[in-house]
Structure formats: C-alpha cells, structure tokens
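Everything on this sheet refers to the single structure shown next.
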Amino acid sequence: MDMKYHFMLKVCEPHIEGEPGDLKFIIRIQTHPYFERKKNDLYTNLTVTLQDALNGFNVSFPHLDGHQVTVNREKITWPGARIKKKGEGLPQHDQNNIIGDLYVTIDVDFPKGELNDEQREAIRTLLHQESKHRLYNGL
1 MDMKYHFMLK
11 VCEPHIEGEP
21 GDLKFIIRIQ
31 THPYFERKKN
41 DLYTNLTVTL
51 QDALNGFNVS
61 FPHLDGHQVT
71 VNREKITWPG
81 ARIKKKGEGL
91 PQHDQNNIIG
101 DLYVTIDVDF
111 PKGELNDEQR
121 EAIRTLLHQE
131 SKHRLYNGL
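Using full-length UniProt numbering, the letters of the sequence shown map in sequence onto residues 1 to 139.
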C-alpha cells in the first residue's frame, strides 16, 4: 500500500490570539487486483486464447469507475503486445482535464497437452511457414 502525506499550511481556524493551524492528512493508495498505477497511467494484463490471438478478439472489462473498457483486435496479436487505450487512465490530481492512458499487455494461453501427427500437419499446412530459429540478446 502506497502512502502519501499532504500538508496545507495555515488553512485552519486560528486559536485565540494564535496563528491559523495546519491541516495534515494521509492518503493511502490501495493495491487493486487488476490495475497498477504509474503516475496517471494504468496498467493491466489480459490473457487470450491462441485462437483469439490469431483471429482477433473483442473483450470488455470494468474500469475503476465501473464503465466498460473494450479492447478490440482484428489482427494477429503477439504475446507481450501492449495496447494503449488513450484517455482511460486516471486524472492528474491538480489538473482534472489531464488524463492518463490505460496500457493492456496481452498474454497468450497456449493449449495444454500434446498434438497428434494429424494436428501438427494441419497447422503446417495452414500456416505455410518454414522453421526459423533466431538467437538474440533480448535485454
């Protein structure tokens, strides 16, 4: 849980023959099961099936304020792809007209188990791809 301390100096009623008092408050920012906040932006992860990753998908989920956010893809989506939903983040605390973005990182749920020879051949025929392996530094 993230905590922020805020002070507003000399905004409270003064004591008799005294100076105005200070207002001190603590804001505790709770963690959320689906969203992570970084400044005004929100981040989340979405798992789709391999079929949806190849064919496209349309998924809706509730935002923090309850409205529905829709992620629509009509093309192949790679594992780790990040989709930006402009204006779906959080407002800036001192300027409500500045709103962050929502970033959705896609994870692909591959089928479990084994494929038989017929299924393997069907995939080879469908995709028409040569085997290609590439080693690289991903850091």
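C-beta atoms are modelled at their ideal positions from N, C-alpha and C, and glycine is treated no differently.
All figures in this text were calculated on a predicted structure; none of them were measured in a lab.
Residue 99 and residue 46 do not touch by the CB rule: their CB atoms are close to 21 Å apart, not below 8 Å.
Straight-line spacing of the CA atoms in residue 83 and residue 13 works out to 50 Å.
A distance below 7 Å between beta-carbons, with the five flanking residues on each side excluded, links residue 19 to the following residues of its chain, in chain order: 10. With a 10 Å radius around the Cβ and a threshold of 16 neighbouring Cβ atoms, residue 23 comes out exposed.
Annotation: the continuous beta strand (DSSP E) that includes residue 72 extends over 68-73. The three-state secondary structure of residue 76, taken from DSSP, is coil.
As for any alpha helix (DSSP H) of minimum length 4 sitting wholly inside the UniProt domain "Chaperone DnaJ C-terminal" (17-111), the runs are 50-55, ordered along the chain.
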